[in-house]
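First comes the structure, then the notes that go with it.
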Amino acid sequence: MSQRFPMPRWAGAPTHANVKGHVEVVKDGTVLDKVAIGQQACTVFGRNGDVCDVELAHETISRQHAAIVHTKTGSIEIMDLGSAQGTTVDGEPLRGDERRALTNGSEVRFGKSSRVYILRGLHAKDEAPAPLPVAADEIASLPTGFAKQGTTKQLSQKELERKQREEEIRKMTMDMMASAPQFTSVAVDAPAPTEAVDEKEEDDEDDDQDDDGDKKKSSLYDSGPESDSDDDEGQDDVAQRYSIPVTNEVVLSAHAKTVSCIAVDASGGRVATGSMDYHMKLWDFAGMARHVRPFRDSEVEDGHPLMALSYSPTGDRVLAVTGSAQPKVFSREGVFELQFTKGDPYLLDMVHTKGHTASCSGGMWHPLLKDTMITSGLDGAVRVWKLNGKTSFDKLLNDAVLKLKSRQGKRTEVTACAYSVDGGLIAGATTDALLDAHKPGSPDLGISSIRFSPDNKMLATRSASDDCVKLWDMRKPSTPVKTYQGIENVFSMANLAFNGVGSALVAGSSVRAGSGDRGQVHFLDVYTATTAPLRSIPMAEDESAVSVAWHAGINQVFVGGSSSNVRVLYDPALSSKGVLLSATKKLPVATAGFVRLDSLSEGRVVNPHALPMYRETTTKVTKRKYAKVRMDPIASQIPERPLTGVGVAGRTGGNTFTQYFMRDHVKSASIRSEDPREAILKYAKAAAENPTFLGSAYADSQPQDKLDARYKLAKQTFEEEKIAKEEEARRLLDI
Numbered sequence: 001m002s003q004r005f006p007m008p009r010w011a012g013a014p015t016h017a018n019v020k021g022h023v024e025v026v027k028d029g030t031v032l033d034k035v036a037i038g039q040q041a042c043t044v045f046g047r048n049g050d051v052c053d054v055e056l057a058h059e060t061i062s063r064q065h066a067a068i069v070h071t072k073t074g075s076i077e078i079m080d081l082g083s084a085q086g087t088t089v090d091g092e093p094l095r096g097d098e099r100r101a102l103t104n105g106s107e108v109r110f111g112k113s114s115r116v117y118i119l120r121g122l123h124a125k126d127e128a129p130a131p132l133p134v135a136a137d138e139i140a141s142l143p144t145g146f147a148k149q150g151t152t153k154q155l156s157q158k159e160l161e162r163k164q165r166e167e168e169i170r171k172m173t174m175d176m177m178a179s180a181p182q183f184t185s186v187a188v189d190a191p192a193p194t195e196a197v198d199e200k201e202e203d204d205e206d207d208d209q210d211d212d213g214d215k216k217k218s219s220l221y222d223s224g225p226e227s228d229s230d231d232d233e234g235q236d237d238v239a240q241r242y243s244i245p246v247t248n249e250v251v252l253s254a255h256a257k258t259v260s261c262i263a264v265d266a267s268g269g270r271v272a273t274g275s276m277d278y279h280m281k282l283w284d285f286a287g288m289a290r291h292v293r294p295f296r297d298s299e300v301e302d303g304h305p306l307m308a309l310s311y312s313p314t315g316d317r318v319l320a321v322t323g324s325a326q327p328k329v330f331s332r333e334g335v336f337e338l339q340f341t342k343g344d345p346y347l348l349d350m351v352h353t354k355g356h357t358a359s360c361s362g363g364m365w366h367p368l369l370k371d372t373m374i375t376s377g378l379d380g381a382v383r384v385w386k387l388n389g390k391t392s393f394d395k396l397l398n399d400a401v402l403k404l405k406s407r408q409g410k411r412t413e414v415t416a417c418a419y420s421v422d423g424g425l426i427a428g429a430t431t432d433a434l435l436d437a438h439k440p441g442s443p444d445l446g447i448s449s450i451r452f453s454p455d456n457k458m459l460a461t462r463s464a465s466d467d468c469v470k471l472w473d474m475r476k477p478s479t480p481v482k483t484y485q486g487i488e489n490v491f492s493m494a495n496l497a498f499n500g501v502g503s504a505l506v507a508g509s510s511v512r513a514g515s516g517d518r519g520q521v522h523f524l525d526v527y528t529a530t531t532a533p534l535r536s537i538p539m540a541e542d543e544s545a546v547s548v549a550w551h552a553g554i555n556q557v558f559v560g561g562s563s564s565n566v567r568v569l570y571d572p573a574l575s576s577k578g579v580l581l582s583a584t585k586k587l588p589v590a591t592a593g594f595v596r597l598d599s600l601s602e603g604r605v606v607n608p609h610a611l612p613m614y615r616e617t618t619t620k621v622t623k624r625k626y627a628k629v630r631m632d633p634i635a636s637q638i639p640e641r642p643l644t645g646v647g648v649a650g651r652t653g654g655n656t657f658t659q660y661f662m663r664d665h666v667k668s669a670s671i672r673s674e675d676p677r678e679a680i681l682k683y684a685k686a687a688a689e690n691p692t693f694l695g696s697a698y699a700d701s702q703p704q705d706k707l708d709a710r711y712k713l714a715k716q717t718f719e720e721e722k723i724a725k726e727e728e729a730r731r732l733l734d735i
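For the sequence shown, the UniProt record's numbering begins at 1 and goes up steadily by one.
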C-alpha cells in the first residue's frame with residue numbers, strides 16, 4: 001500500500017483570507033463540481049482515493065498526481081508529485097520539484113484529462129478594490145492625512161464599510177437611548193437650570209407655570225410611566241427590536257434528570273436533547289400533534305451523562321458527546337453508526353495517540369463540512385475527526401490534534417470548544433481560563449462555554465465560577481468588551497447563544513436546590529453599553545436554566561431546565577415553523593369503542609310534513625343506549641368464540657362441525673399420548689412365538705436362560721411392582 005504524500009515543512013495553516021478557497025471543475029464550459037481547498041494545509045489530487053483528498057478518475061493521472069499547499073507566508077502553491085503525464089498551470093507545465101504560486105483564475109490541468117480546474121475564492125492582495133459610491137461632501141469632510149496639498153486621499157473599501165457600520169451603530173444607539181424611559185425625580189420648587197436655557201425658554205416656562213400651576217413642562221425631565229400599559233409597550237418594543245420570542249411557550253417533557261445539552265438541525269424541524277439520565281431524545285415537530293412526544297429515545301452510554309450534542313450541516317447525523325472518552329455518531333433517525341476510539345493513557349504526548357484518554361467535555365460539528373467535527377476532553381487536547389478517516393477495530397481515529405497548555409506550559413484540562421460560523425477558527429477553553437482563538441485572551445477564571453457571533457467578530461464566554469458572561473472582540477482580545485455580572489451558574493455545562501444577527505445573546509441563571517428561588521432566562525444586549533438584561537423570563541420554583549439554544553432560522557429559543565423539562569419560547573408574529581407546526585395541529589379524534597347497530601333498532605320513518613294525528617314522538621337514541629347494546633352479546637350478535645380451555649357451562653370441547661369431524665373421523669397421527677412401553681410390549685408375544693428377526697440373532701450368543709440377571713428386562717413396571725408388594729403385604733396381614 002502506497003504512503004500518503006508527507007506534509008512539507010514550508011506548509012502552513014490556511015489564512016483567514018483564503019479559508020473560502022475552492023477549485024471549480026469545468027468541462028466544455030460547464031461547472032461540474034467545486035472542491036474546497038481552504039480548510040486544510042495540503043490537498044492531494046490523484047487516482048488513489050485511500051491516500052488522496054480528491055480522487056480523479058482518469059487513466060492518464062497518477063496515483064498521487066499533484067498537491068495544492070498553503071504556505072506559511074499566506075500564499076497557495078502547487079507542485080507535481082512525480083506524475084507520468086505531468087501537470088500544467090495556465091498552459092505551462094511544471095518541471096520536477098517546481099513550486100508555482102496560484103491566484104484567482106489560475107487554470108490547472110492534470111495529465112491528459114479534458115477537465116480544467118480553476119482556482120476561486122482567494123483573497124486578491126494585488127488587486128485594488130473598487131471604492132463604494134460616496135457623497136462628495138462626505139469625502140471632502142474626511143481628513144487627508146499627511147498628503148501634499150491639492151491631493152485627495154481615496155478611501156479603501158474596508159474603511160468605507162467600517163465607517164458605514166459605525167454610523168449605523170451610532171444611529172441605533174441614539175434611537176435606543178431616545179426611546180428608553182427616564183426615571184428622574186425633581187422637586188417642584190427646585191430652581192430651573194439657568195445655564196441650560198435662554199431667556200426665551202424662561203419666558204415660555206413662566207407662561208406655562210401660570211397656566212398649569214406648579215407643573216413643569218421642561219423636556220429635560222420625565223415623570224416616568226403612568227400605568228402598566230406603558231411598561232408592556234416598552235417590553236413589546238424591545239422584543240420587536242431584538243426579535244426576542246417570549247410571548248408563547250411549549251414544554252417538552254420526557255427526561256428524568258437535568259437537561260444538559262440541546263441541538264437543533266439547520267432547518268429547525270428536529271431537535272435533539274441530552275440529559276444527565278444518559279438518554280438522548282429526538283423530537284420531530286412536523287410529525288407531532290399537540291401531544292408533544294419524542295419519536296426516538298436512545299441511551300448513548302450507560303453511566304455517562306450527555307455533555308454536548310451537535311447536528312451536521314445537512315442534518316443527516318448527530319454527534320453525541322458523553323462523559324466518557326469515546327463520543328458517538330448517530331443517524332438522523334437515532335440509529336447508532338460510529339464510535340470514536342479511545343487513546344492510550346500511558347502516552348504523555350497527546351499527538352501520538354489517536355483518541356481521547358480522559359472524559360470528553362464538549363464537541364461541535366463543522367458548520368460547512370458534513371464529515372468534519374471537533375471534540376474537547378480533559379486530556380488537554382481538541383481533536384479533529386473526519387467520518388471518512390482511518391478506523392481501527394471499527395473505531396474512528398482522529399485526523400488532527402490541537403494541544404492546549406497552561407500559562408506555565410503544562411498540560412491543562414479543556415472544558416469547551418467551538419467552531420466559528422465559517423469554520424475557519426477553532427476556540428478552546430481550559431480550566432485556568434486561557435482562551436485560544438488566534439490570540440490568547442486573559443480572563444481570570446475558568447470558562448464553561450464559548451460561542452462565536454454570526455459575523456465572527458465577537459466571542460462570548462461564560463465562566464462556571466465567577467457568575468458572569470464576558471464579551472470579547474476578536475480583533476483585540478486582550479480585555480473583554482463587556483461583562484455581564486450576576487448571572488449565577490452552578491452547572492459545568494451551562495452555555496449561551498447568539499440570535500441570528502448577533503445583536504443579543506441568551507443565557508440562563510442557576511439557583512440552589514431548596515432555596516425557593518427561580519432561575520431566569522436573561523436576554524442580553526451586545527452592541528450598546530448597557531449590561532442590564534433586556535428581558536428576563538422566570539423558570540419554575542427551584543428550577544435552573546442550564547442549556548439554551550437560539551435558532552436563527554425559525555427564531556425560537558430552547559431552554560433546558562434542571563427539572564428535566566425543555567421550554568420552547570416562541571412568538572407567532574416573529575417565529576416560523578419549528579414548534580408552530582405541532583402547536584397549531586388539532587388533537588386526533590379518539591374512538592368511542594362501540595359501533596352503531598341500526599339493524600337492531602326499531603325502524604322508523606321520519607316525515608317532518610306529516611299531519612298532527614300521524615306524528616310520533618320518539619326519543620333520541622343516545623350513545624349510552626348503543627353502548628349497552630354493544631355490551632349484550634346476544635343483541636349485538638357477537639359470534640360464539642371457540643373453546644380453548646376447560647369446558648364451561650356444559651361445554652366439554654369444540655362443538656363445531658370441523659372439530660367433530662377431526663375428532664371422530666380423522667385418526668390422529670400424533671403419538672404424544674401413547675405409552676412407549678406398551679407399544680413395544682405388544683410385539684413381545686409375537687417375537688417369542690416367531691423369532692424370525694430378533695430372536696434368532698441372539699439365540700446362540702445371548703440365550704435367555706443364561707443371560708445375567710442385571711441385563712434382563714423387567715417383567716413389571718415400577719408402579720406394578722409397588723402395587724404387587726402392597727397386595728402381598730395386605731395378604732400376609734389377613735392371614
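We put the beta carbon where it would ideally sit given N, CA and C, even for glycine.
Bear in mind that the values here come from a model prediction, so they are computed numbers and not experimental data.
(request) Would you mind stating whether S453 and F491 have Cβ atoms separated by less than 8 Å? (result) Taking 8 Å as the cut-off, the Cβ atoms of S453 and F491 do not count as close.
(request) Give a yes or no on whether the C-beta atoms belonging to E249 and L581 are separated by under 8 Å. (result) Not a contact, by the Cβ cut-off of 8 Å.
(message) If the criterion is Cβ atoms closer than 8 Å, does the pair T87 and H65 meet it?
(response) Contact flag set, yes.
(request) Along the alpha helix (DSSP H) that carries F718, what are the first and last residues, could you check? (result) Unbroken alpha helix (DSSP H) run through F718: 718 to 734.
(request) Can you tell me which of the three DSSP states S83 falls into? (result) S83: coil per DSSP, three-state reduction.
(request) Would you mind giving the Cβ-Cβ distance between S536 and N555, rounded to the nearest angstrom? I have them listed as a contact below 8 Å. (result) Actually they do not touch by this definition, with Cβ atoms about 19 Å apart.
(request) Classify F558 as helix, strand or coil using the three-state DSSP reduction. (result) Three-state result, F558: strand.
(message) Only counting the same chain, and skipping five residues up and downstream in sequence, which positions put a Cβ closer than 6 Å to that of A460?
(response) These residues qualify, in order along the chain: R451, L471, L496, L505.
(request) Taking residue 736 and E413 to be in contact with their CB atoms under 8 Å, please state how far apart those CB atoms are, rounded to whole angstroms. (result) The structure shown does not extend to residue 736, since the chain spans only 1 to 735, so no value can be given for it.
(request) Please state if the CB of S298 and the CB of G334 are separated by a distance shorter than 8 Å. (result) Against a cut-off of 8 Å, the Cβ pair of S298 and G334 comes out as a contact.
(message) In the DSSP assignment, the alpha helix (DSSP H) including L402 goes from what residue to what residue?
(response) Here L402 belongs to no alpha helix (DSSP H); instead the beta strand (DSSP E) covers 400 to 403.
(message) Our contact map puts S312 next to K370 with C-beta atoms below 8 Å; I'd like the distance itself, whole angstroms only.
(response) The Cβ separation is near 5 Å, so the contact holds.
(message) Less than 8 Å between the beta carbons of A358 and A400, yes or no?
(response) A400 is positioned such that its CB atom lies no closer than 8 Å to that of A358.
(message) Please identify the residue among F558, L396, D302, K112 whose C-alpha is closest to the C-alpha of I61.
(response) Checking every option, the nearest Cα to that of I61 belongs to K112.
(message) Let's see if you can read the secondary structure: which residues bound the alpha helix (DSSP H) around M631?
(response) For M631, the enclosing alpha helix (DSSP H) covers residues 623 to 631.
(request) Kindly indicate which residue of T258, D316, V521 has the alpha-carbon position closest to the one of S564. (result) The residue with the shortest Cα to Cα distance from S564 is T258.
(request) Determine the burial state of L32: buried for a count of at least 16 other Cβ atoms within 10 Å of its Cβ, exposed for fewer. (result) Result: exposed.
(request) State the DSSP-derived secondary structure class of H551, mapped to helix, strand or coil. (result) Note: H551 maps to strand in three-state DSSP.
(request) Would you decide whether R317 is buried or exposed? Buried here means 16 or more other CB atoms lie within 10 Å of its CB. (result) Buried.
(message) Which of the three DSSP states is assigned to residue 758 in this structure?
(response) Lying outside 1 to 735, the shown extent of the chain, residue 758 is not represented and no answer is given.
(request) Name the residue from S392, S260, R162, R9 whose alpha carbon lies nearest to the alpha carbon of L309. (result) Nearest C-alpha to L309: S260.
(message) Once DSSP output is grouped into helix, strand and coil, what is the label at D237?
(response) DSSP places D237 in helix when its eight states are reduced to three.
(request) With DSSP collapsed to three states, give me the class of F285. (result) Correct three-state label for F285: helix.
(message) Can you tell me where the beta strand (DSSP E) holding A11 begins and where it ends?
(response) Bounds of any beta strand (DSSP E) do not take in A11, whose DSSP letter is neither H nor E.
(message) According to DSSP, is T322 part of a helix, a strand, or is it coil?
(response) Secondary structure of T322 (DSSP, three-state): strand.
(request) Express the C-alpha separation of R9 and K457 in angstroms, rounding to a whole number. (result) About 31 Å.
(message) Helix, strand or coil for V19? Go by DSSP, reduced to three states.
(response) Under the three-state reduction of DSSP output, V19 falls in the coil class, being neither helix nor strand.
(request) Compare the C-alpha of E543 against each of T431, G561, T530 and name the closest. (result) For E543, the closest of T431, G561, T530 by C-alpha to C-alpha distance is G561.
(request) Just list the alpha helix (DSSP H) runs in the segment 363 to 395, keeping only unbroken ones of 4 residues or longer that don't cross its boundaries, in chain order. (result) If we require 4 residues or more, the segment 363 to 395 turns out to have no alpha helix (DSSP H) run fully inside it.
(message) Could you compute how far the alpha carbon of D97 sits from the alpha carbon of V329?
(response) Their Cα atoms are separated by approximately 41 Å.
(message) From the DSSP secondary-structure annotation, give me the bridge partner or partners of S253.
(response) Per DSSP, the beta-bridge partners of S253 are N565.
(request) Let me know the secondary structure DSSP gives H70 once reduced to three states. (result) Strand.
(message) Assuming contact is defined by CB atoms lying nearer than 8 Å, are T71 and A17 in contact in what I supplied?
(response) Contact flag unset, no.
(request) With DSSP collapsed to three states, give me the class of E415. (result) What sits at residue 415 in the sequence shown is Thr, not Glu. Looking at T415 - three-state DSSP - the assignment turns out to be strand.
(message) Please give me, in chain order, every unbroken run of the beta strand (DSSP E) with length at least 3 that falls completely inside the segment 466 to 536.
(response) Listed in chain order, they are 468 to 473, 482 to 485, 496 to 498, 504 to 508, 518 to 525.
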